[in-house]
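One structure is given below, encoded as structure tokens.
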Amino acid sequence: MLRAIGVAAFEDLLQDIPPELRLRGKLKLAPPLSELEARRHLEALAGRNASANQWLSFLGGGAYDHFVPSIVDEISSRAEFYTAYTPYQPEVSQGTLQTIYEYQSLIARLTGMEISNASLYDGGTAIAEAVLMANATNGRKEVVVSGCINPMRLAVLDTYLEASGITVRRTGWKGGATDPDEIAALVTGKTSCVVIENPNFFGVVEEGCAIAAAAREKGALFVVSVDPVSLGLLAPPSEYGADIVVGEGQALGSYVSFGGPCLGFISTRKEHIRRLPGRIVGKTVDKQGRPCFCLTLQTREQHIRREKATSNICSNQALVALRAAVHLCWLGKEGMRDLATQCLSKAVYAQKELARRGFDLHFNKPYFKEFAIKLPADSERVAASLAGERILAGVPLGRFYPEAGNSLLVSVTEKRTKAEIDRLADCLADAVRGEVV
Amino acid sequence: MVQDDLMYTKEHEWVKVEGDVATIGITDFAQQQLGDIVYVELPSPGTRVEFMKAFGTVEAVKAVSDLYSPVTGEVVGVNSDLGADPAAIKSSPYGRGWMIKVKLEAKQELAKLMTAAAYRQLVGD
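Residue numbers (the working numbering), protein chains in the order written: chain A, 1 to 437; chain B, 1 to 125.
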């Protein structure tokens with residue numbers, strides 16, 4: 001190879017690096033492995049992972065074990081999608097740009113809004129971006145945030161706002177639902193936006209209309225973070241006054257994968273398009289009048305507007321967005337309704353079975369596909385005991401809120417069968433009996 | 001094209017003073033440099049603008065430029081036609097492309113602006 005490029009020795013290629021900066025001796029690495037040895041080693045490492053295929057999972061709290069139809073893997077695994085890096089030049093990437101345009105259209109339609117962007121990193125940063133957008137729109141320096149939002153996403157919001165001069169006013173979470181009166185008491189003429197999550201971290205369905213009214217009264221924008229699967233049954237936030245809708249799209253065609261990659265989505269009305277962060281794909285015509293797609297409104301973005309841009313994001317989650325788009329097309333409107341109905345029905349069945357065995361609801365409020373139950377024993381030990389039987393019973397709320405005591409957040413998706421739910425209830429009862437003795 | 005009856009800033013804004021109201025826009029040179037103008041962001045009436053501080057932005061396809069105020073005072077008029085027709089800035093930068101009207105607070109600052117002759121020199125007209 002050196003001969004082919006006309007170089008006498010490898011060291012000649014390092015001419016520009018001063019000799020005193022060059023590595024002397026060898027790198028401290030293990031010897032190279034053959035393909036067979038490498039594969040064996042990696043398989044051993046991977047074998048230490050628990051997979052939702054072999055373990056029974058009732059975990060929720062932001063990432064859910066939903067069914068992923070094979071068509072999603074089939075289409076997103078095409079090398080043109082899977083391995084392309086930043087494929088946005090319109091001259092060579094019409095296919096990719098079209099899929100993103102369709103993803104945007106699907107998200108806008110699903111959330112009942114007018115426009116969407118090409119996706120954000122995840123549900124947490126999506127909330128942060130919506131808050132920055134509200135601030136860019138009305139210049140106000142305070143935000144009122146529901147304490148019932150997923151605490152990991154609240155932490156992301158705090159990180160984003162740390163140096164911004166924006167003050168966050170948070171409501172309590174103890175009731176399991178956001179109290180519209182508590183929101184109203186915190187909203188002032190300085191409030192840029194009010195943010196809720198619906199359903200919230202505890203699986204509870206919020207009183208969107210009342211909270212929207214509290215925001216509107218002082219001219220604040222209303223931001224709602226949603227579970228997209230819930231929109232198969234629940235009214236989209238556009239119907240109860242949302243100005244910006246965001247959410248986590250992992251549940252639309254992606255595996256849990258230990259918490260990532262995720263998919264943030266954001267949608268709003270056309271009047272806010274110039275403050276919408278991230279990439280946007282638009283439809284236009286080429287020189288010959290043929291319909292085509294390209295990135296558009298790039299003067300919003302930070303590579304042009306610099307410090308005046310709404311956000312510094314200059315990327316998206318194209319592959320995961322593609323999976324979501326394929327999944328939504330595969331489901332269709334009726335499929336979405338069916339999916340949401342199955343999640344709700346199975347969650348209700350599970351909650352009733354658990355209540356029968358003495359595990360009461362922590363928050364007596366309407367829920368969608370997850371709910372918190374009170375355990376009469378240490379929730380971490382109970383969860384560990386069930387994990388010993390390859391059952392992931394739920395998320396101990398005490399990990400986030402010690403005041404929640406021994407409550408467990410249990411999530412039930414369409415994948416769970418009656419037998420699996422009965423098994424959870426029986427094993428929980430056994431484990432608790434074992435602990436309480 | 002540089003108009004004689006106006007005053008100019010080195011950032012390519014023009015100002016026409018009538019009594020104590022100043023009408024402000026960007027020059028022919030500026031609109032030529034920008035190319036197609038797609039959007040203008042202007043302040044609302046009542047906003048206070050300051051001498052040589054940014055009062056808005058003008059957006060071309062691939063660039064965004066700040067607009068600098070040649071005067072200090074309160075915005076008393078905004079050209080609302082520019083929302084639907086930003087191209088007026090291109091076709092008539094000194095006429096239909098006017099951007100804001102400001103009630104002057106510090107008339108003495110006008111002395112700091114460039115005359116038409118000085119501006120002509122700047123843009124090599």
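For every residue, glycine included, the Cβ atom is placed at its ideal position computed from N, Cα and C.
Quick caveat: nothing in here was measured; it's all calculated off a predicted structure.
Contact annotation for B/Ala63 against chain A: Thr299, Ile304 [CB-CB distance below 8 angstroms, chain order].
For the stretch 55-80 of chain B, the beta-carbon criterion of a distance under 9 angstroms to any beta-carbon of chain A is satisfied by Thr57, Glu59, Ala60, Val61, Lys62, Ala63, Val64, Asp66. In this structure, A/Trp173 and A/Cys148 form a Cβ contact; the two beta carbons are roughly 5 angstroms apart against a cut-off of 8 angstroms.
The criterion of a C-beta distance shorter than 8 angstroms is satisfied by A/Val246 and A/Ser225.
A/Cys148 carries a coil assignment under DSSP once its states are collapsed to helix, strand and coil. Taking 3 residues as the minimum length, the beta strand (DSSP E) runs contained wholly in the stretch 36-61 of chain B are 37-41, 54-60, in order along the chain. Between B/Phe51 and B/Val71 a beta carbon distance of about 6 angstroms is seen, short of the 8 angstroms cut, so the two are scored as contacting. In the DSSP assignment, A/Ala321 falls within the alpha helix (DSSP H) that extends over 318-356. The three-state reading of DSSP puts A/Leu106 in helix, counting H, G and I together.
Around the CB of B/Tyr68, 16 or more other CB atoms lie within 10 Å, so the residue is classed as buried. In the DSSP assignment, A/Lys374 forms a beta bridge with A/Ser407. Counting every other CB atom within 10 Å of its CB across the protein chains shown gives A/Glu271 a total below 16, marking it as exposed. Cβ neighbours of B/Lys53 within its own chain (closer than 8 angstroms, five residues either side excluded): Tyr68, Ser69.
DSSP places A/Cys193 in the strand class (E or B) of the three-state scheme. Each of A/Leu409, A/Glu380, A/Leu354, A/Val382 was checked against the Cα of A/Gly394, and the nearest Cα belongs to A/Leu409. If you look at B/Gly77, you'll find it in the beta strand (DSSP E) that goes 73-78.
In this structure the stretch 415-429 of chain A does not lie against the stretch 10-20 of chain B, because fewer than three pairs of beta carbons, one per stretch, are closer than 8 angstroms.
Judged by DSSP in its simplified three-state form, B/Asp4 adopts coil rather than helix or strand. By the neighbour-count criterion, in which a residue is buried when 16 or more other Cβ atoms sit within 10 angstroms of its Cβ, B/Met1 is exposed. The beta carbon of A/Tyr160 is closer than 6 angstroms to those of Ala128 in its chain, skipping five residues each way along the sequence. Where B/Tyr68 is concerned, there is no enclosing alpha helix (DSSP H), although the beta strand (DSSP E) around it starts and stops at 64-68. Cβ-Cβ separation between B/Lys90 and A/Ile304: approximately 20 angstroms, too far for a contact (criterion under 8 angstroms). Assignment of A/Ile280 by DSSP, reduced to helix, strand and coil, places it in the coil class.
Secondary structure note for A/Gly247: it is in no alpha helix (DSSP H), and the uninterrupted beta strand (DSSP E) holding it is 244-248. Look at A/Leu263 here: in three-state DSSP terms it is coil, with no helix or strand label.
By DSSP's assignment, A/Cys292 forms a beta bridge with A/Thr284.
Residue pairing for A/Thr99: DSSP places it in no beta bridge. If you draw a straight line from the Cα of A/Glu35 to the Cα of A/Ile75, it is about 28 angstroms long.
DSSP, read as helix, strand or coil, puts A/Glu414 in coil. Contact annotation: A/Ala118 and A/Ile100 have beta-carbon atoms nearer than 8 angstroms. In the structure shown, the three-state DSSP call for A/Thr159 is helix. For B/Lys90, there is no enclosing beta strand (DSSP E); the residue is found in the alpha helix (DSSP H) stretching over 88-91.
In this structure, the straight-line span from the alpha carbon of A/Ala63 to that of A/Arg48 is close to 20 angstroms. Following the DSSP letters along the chain, one finds B/Gly25 inside the beta strand (DSSP E) bounded by residues 21-26. Distances from the alpha-carbon of A/Gly165 to those of A/Glu435, A/Ala214, A/Ala136 put A/Ala136 closest.
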